[in-house]
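This report concerns only the one structure given below.
Residue numbers (the numbering used here), protein chains in the order written: chain X, 1 to 166; chain Y, 167 to 332; chain U, 333 to 498; chain F, 499 to 664.
Below is the structure:
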């Protein structure tokens with residue numbers, strides 16, 4: 001008996017979000033769950049909570065990697081809440097948890113997570129998120145999706161092309 | 167709709183273990199799963215793998231918090247593998263993941279985890295594990311269980327007396 | 333007797349750098365040391381090494397916060413080398429070490445550090461580094477300096493206006 | 499020009515300490531500074547503050563690796579204060595900072611640091627600190643010194659026998 005492990009997708013975005021972002025995030029969460037994927041996030045409110053709500057309503061599993069020490073900081077749609085006490089360094093763990101990253105809107109925290117993902121060689125799919133240009137005029141390699149459906153579909157294709165494991 | 171979150175128990179012990187320790191760990195894992203508890207551990211071999219095997223065979227859920235960056239370091243009975251890249255600092259996260267800790271045998275890594283748990287005010291149940299005495303002659307507050315059944319039963323009672331949340 | 337603590341400036345940039353970036357970094361390091369400031373960085377090569385060389389040649393003090401566990405990964409101009417074993421999460425510590433951040437060129441790692449600094453409310457001075465634009469068209473708040481002299485002078489003014497301590 | 503890096507010794511012990519422990523810690527700090535060694539610690543009060551006071555009074559250099567985000571948590575005898583925001587995981591960094599560890603008294607936090615040091619293969623010198631016995635009856639490998647002079651002298655000999663680098 002050997003477990004077949006489900007793919008994990010990190011969903012990132014601001015803790016304070018607009019109704020449009022919440023609608024996108026909820027749809028992303030639902031679509032990930034329908035494809036049998038686990039959703040990892042920072043465990044808090046805003047985009048994270050909306051995405052988790054979508055995933056749980058579709059019968060999915062959600063992991064919340066919290067910056068603080070208190071379980072009660074997790075949003076109500078987190079299946080497994082992991083307090084870390086690492087404050088800002090916990091962002092790195094959110095990115096490490098997923099095989100692919102979907103970024104929805106977001107502030108500086110989200111930008112740092114996108115950059116860490118790219119630094120690690122992970123694929124990042126963006127929905128109305130940051131654009132960044134380095135000193136030579138090269139743009140950060142973020143796939144810009146137009147809809148939640150496209151975001152999840154592209155994320156899934158990145159995972160299949162990576163193959164299982166890493 | 168609001169999720170009722172399952173309790174999480176951290177199971178710690180050495181990556182190289184004896185057949186007796188493996189038998190104890192497997193039983194601990196099974197009993198935790200039968201009580202509907204999630205098992206968190208360091209995700210590697212030895213005691214961790216035996217405990218996860220027991221949990222998975224009983225239909226449970228296991229979380230492996232890995233020291234490195236590679237998913238493939240997880241043992242085959244991990245439902246959710248979380249690479250951290252934090253090396254030794256990941257031990258702290260293993261302890262933070264659970265509401266209670268069960269320690270089985272173990273070397274210096276396990277001793278450090280027991281001490282971190284006690285420092286945070288978490289209850290620690292030991293099965294043939296470390297004893298430690300401070301400079302005033304006071305012993306570290308480890309509940310010494312004689313059997314896997316007692317370890318899990320005591321761990322469960324610690325969780326109920328804490329109540330939900332923290 | 334109470335120590336008056338010197339200000340610390342985090343200097344960030346790529347481990348592989350151009351001769352122009354190295355010249356800028358070395359000058360930044362020298363100017364920081366001449367103003368009695370401590371230089372914190374990631375401890376490795378490229379921009380980090382050039383900045384440390386400048387600081388040490390001017391009699392300054394340098395702190396290298398290393399991603400790995402081995403002291404020998406530090407560049408030869410690090411006064412105090414701190415192995416962390418945290419891999420990517422160590423970037424956060426580099427930013428936390430300084431009261432202000434100077435970014436020189438840089439890849440995705442540098443972008444993640446800039447974003448973390450801004451998230452924490454720290455001032456960031458850039459020398460030919462990233463530009464980033466969020467989904468509403470707002471630019472990340474990086475002060476774009478034209479010369480090493482301007483970068484250090486602006487960084488120093490940010491520290492004075494913050495006052496001592498935090 | 500290539501820097502000859504000074505050895506670093508991690509001094510650990512409780513944030514609340516007795517007058518005897520403070521006297522021991524201050525002497526340890528002074529003796530380390532007189533031998534040209536850098537003192538690393540958790541940056542807070544108690545044993546840490548007493549050791550730093552001794553080091554600074556003897557013209558030494560001290561590094562404080564803080565659990566929180568606020569520089570002002572550092573004791574007044576810290577030359578270089580490094581906020582980490584890592585809470586409990588910062589203990590691991592305190593141990594990683596030194597080539598050798600000196601433990602004075604201490605509670606569970608100190609026990610966790612001793613165990614992490616031993617796990618990493620670092621030598622630990624104790625002054626009235628913990629004793630720990632594993633399930634086979636083997637004791638944790640802590641060198642028990644009787645005086646601050648002996649503790650520092652033994653620590654120095656451990657460093658020389660390791661040679662430079664690691």
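In this text, a Cβ means the ideal position worked out from N, Cα and C, and glycines have one as well.
Beta bridge counterpart(s) of residue i as assigned by DSSP
i	result
residue 139/X	133/X
residue 415/U	398/U
residue 342/U	372/U, 433/U
residue 643/F	625/F
Residues of its chain near residue i, where Cβ-Cβ distance is below 8 Å and the 5 sequence neighbours each way are ignored
i	result
residue 14/X	21, 46, 47, 105, 106, 107, 109, 110
residue 462/U	435, 438, 442, 443, 446, 472, 474
residue 632/F	638
residue 86/X	67, 93
residue 331/Y	Low confidence applies here, because residue 331/Y scores a pLDDT of 46, under 50, leaving its location unreliable; read the following figure in that light. Contacts found: none.
Test item: CB-CB of residue i and residue j under 8 Å
i	j	result
residue 38/X	residue 61/X	yes
residue 657/F	residue 598/F	yes
residue 194/Y	residue 220/Y	yes
residue 56/X	residue 169/Y	yes
Close-in-space but distant-in-sequence residues of the same chain around residue i (CB under 7 Å, 5 per side omitted)
i	result
residue 579/F	541, 562, 564, 569, 572
residue 6/X	36, 37, 38
residue 250/Y	231, 232, 233, 256, 259
residue 529/F	646, 647, 650
residue 49/X	75, 77
residue 366/U	390
residue 137/Y	This structure does not reach residue 137/Y, given that chain Y is present from 167 up to 332, and the question cannot be answered.
residue 348/U	378
residue 321/Y	175, 266, 268, 291
residue 51/X	11, 25, 26, 28, 29, 39, 41
Residues near residue i in its chain [Cβ-Cβ closer than 6 Å; skip 5 each side]
i	result
residue 113/X	12, 91, 95
residue 448/U	424, 427
residue 327/Y	none
residue 577/F	559, 560
residue 464/U	472
residue 169/X	What is shown of chain X runs 1 to 166, which leaves residue 169/X out entirely.
residue 289/Y	266, 324
residue 453/U	none
Candidates the options: closest to residue i by CA position
i	options	result
residue 146/X	156/X, 121/X, 24/X, 18/X	24/X
residue 468/U	87/X, 18/X, 9/X	18/X
residue 451/U	157/X, 154/X, 88/X	88/X
residue 626/F	304/Y, 294/Y, 287/Y	304/Y
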